[in-house]
Each structure stands twice: as structure tokens, then as C-alpha cells.
DNA sequence: TTCATATATGATTATATGTAGATATTGTCA
DNA sequence: TGACAATATCTACATATAATCATATATGAA
């Protein structure tokens, strides 16, 4: 059902929509990885990182697997990086746009 | 700077991460459109839709323009639909995955 | 000018999310 | 078995977000 898909899209977007979680995915781009490597990479409290990993897990964006005493995470579907990369294009365009706008304003200021 | 881009990515994702806002973008896929058409399409209170439009505007995902008494909205960068469409692939995969998992469980139940 | 229409904004309340600290769980090794 | 390491979970608090209602603003028409 259409509405159901839209709801799910919203859930995945919410799960992605946090700098810390985006950094976790950045780390996992290289391949599966132990939490003990993720924590220093993204920074912050262990419990907080674990919390954010749980959010990504619940959204099925990542999966975890116990290896001895460690827990390894991996991305469920690599296509998530397609989304993140396209997003980067939007962000860059927006940044460019605002800087050219800024430049135009400054030019006007100079004209006075 | 890298961190700044990640922060902005998070902002755009947050702005997208709501069913009502996704439906607004669905409507705008056809082309620029008046708020008076968006409201019945997405459903809900006028003020609520207006709030959500403001969120999309602040994220620069859409732009508005006054035409007489009406306000028309359009998508700033069509590439946002690339993101939404890729998202759909993830969602569909996830739905398929959960239904096959469900089927497998039911099969096991039957075996008993 | 006054009125009606379209839309935005502000205030309030309920709910969700993020963070940190404390504690629980699980696996390993001596 | 007991101690330790890695990770998850729980709790409490602060902050952000969503929905609704009331109100403000802008435009065109009478």
C-alpha cells in the first residue's frame, strides 16, 4: 500500500537523519567493523554510540553479529550509500548557492 | 569542512523525514503547484501543512513564490527525487525481506 | 474602505529524541 | 569460578518536533 511505503520511507530517513549516525555509516563504508573501532571514529560516549547503532539496526540499515567478545556491524544494503552520495550533491549545490548569493549581496554593498 | 557537510546532510534528511512532507514532494513531482492544491492532496489542517511547507522551505528543498492571492511551491533541485526513489528500493527490499522471513517462520510452524 | 480568501505565524501542549551516567549482559581467560 | 573487557540496556533529564487552535498578513474584489 502506498501510504505504508511512504511511512517506511519516513522511518528510514529519520534513522539516517543524525550526524553521528551518518558518521557511523561513513565508517562502515570500508566494510564490516567492530563497535570498538566505531566508537573512536565517531567520538562520544560508548552508551550514546550504542544507542545510535540500535536506531540504525531497528531501521534495518545495519546488521550486527557477535564475534567472540566483540560485535561487528555491517550495512544491510549498500544502496544506502547511493542515497547519501546523492544527498551530498544537494548539500554542495546549496552551499554554492548560498555563497554566490552572499557574494552578490556583498557586491551590492560595495556599489554604494 | 567535512563535519559541516555531514551536519547539513542531517538537516536535509530531517526535513525529508516525515510522511506529510514526503507526500508534499510527491505532489510537487508533477510540477509547481499552489498550496490550495497541496492541502487537499496531503490532507490535514491548513496550518499544519503550512508548517511542514515552512520546514521544507528552510531546508531549501522547495521554494515559494506569490502569485496574486496564491502561493506556488516548486522543488529547488529535482535530484531530491533521485534520493526518494532510491529510498523506495531500500524500503521494498526490506518489505520483501520481512515477508520472506515471515513465510519461513510459518513454514517451520507447519512442520511441527 | 471593507470584506473575503489564501496563507503564514505564534502559542500551547503532547510526544519523541538525544545525551550521560549507572548498571546489566555476555564472552574470554586465568 | 572470578575478574575483566566489550557492548547493550535502563533511567533521568534536556531539548526538539508535531499537531492544533487562534491570530496575523497580504491580496483582490465589491
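Chains as they are written, first to last, in the working numbering: chain A, 4 to 115; chain B, 4 to 115.
Ideal Cβ positions, reconstructed from N, Cα and C, are used throughout, including at glycine.
{"Query": "Beta-carbon gap between residue 45 (chain B) and residue 38 (chain B) smaller than 8 Å", "Result": "no"}
{"Query": "Partner residues on chain B for residue 20 (chain A), Cβ-Cβ distance less than 9 Å", "Result": "12, 13, 14, 15, 16, 17, 18, 19, 20"}
{"Query": "CA-to-CA distance, residue 103 (chain A) to residue 111 (chain A), given in whole angstroms", "Result": "12 Å"}
{"Query": "At least three beta-carbon pairs within less than 8 Å, the region 83-93 of chain A to the region 84-98 of chain B", "Result": "yes"}
{"Query": "Beta-carbon neighbours of residue 91 (chain B), restricted to chain A and to distances below 8 Å", "Result": "8, 12"}
{"Query": "Nearest-angstrom Cβ-Cβ length linking residue 62 (chain A) and residue 15 (chain A), presumed shorter than 8 Å", "Result": "6 Å"}
{"Query": "Beta carbon proximity, residue 85 (chain A) to chain B, threshold 8 Å", "Result": "yes"}
{"Query": "Residue interval of the beta strand (DSSP E) (run including residue 77 (chain B))", "Result": "73-78"}
{"Query": "DSSP bridge partner residues for residue 70 (chain A) (one or two, in chain order)", "Result": "A:73"}
{"Query": "Environment of residue 32 (chain A) [buried if 16+ CB atoms lie within 10 Å]", "Result": "exposed"}
{"Query": "Euclidean distance between Cα positions of residue 109 (chain A) and residue 96 (chain A)", "Result": "20 Å"}
{"Query": "Within chain A, partners of residue 26 (chain B) - CB distance below 8 Å", "Result": "9"}
{"Query": "Straight-line gap, residue 26 (chain B) to residue 93 (chain A) (C-alpha atoms, nearest Å)", "Result": "20 Å"}
{"Query": "Closer than 8 Å to chain B by CB, residue 45 (chain A)", "Result": "no"}
{"Query": "Integer-rounded CB distance, given that residue 76 (chain A) should sit under 8 Å from residue 98 (chain A)", "Result": "Not a contact, Cβ separation roughly 30 Å."}
{"Query": "Residue 70 (chain B) classed as buried or exposed, judged by whether at least 16 other C-beta atoms fall within 10 angstroms", "Result": "exposed"}
{"Query": "Beta carbon of residue 28 (chain B) nearer than 8 Å to that of residue 78 (chain B)", "Result": "yes"}
{"Query": "Residue 49 (chain A) and residue 42 (chain A) closer than 8 Å at C-beta", "Result": "yes"}
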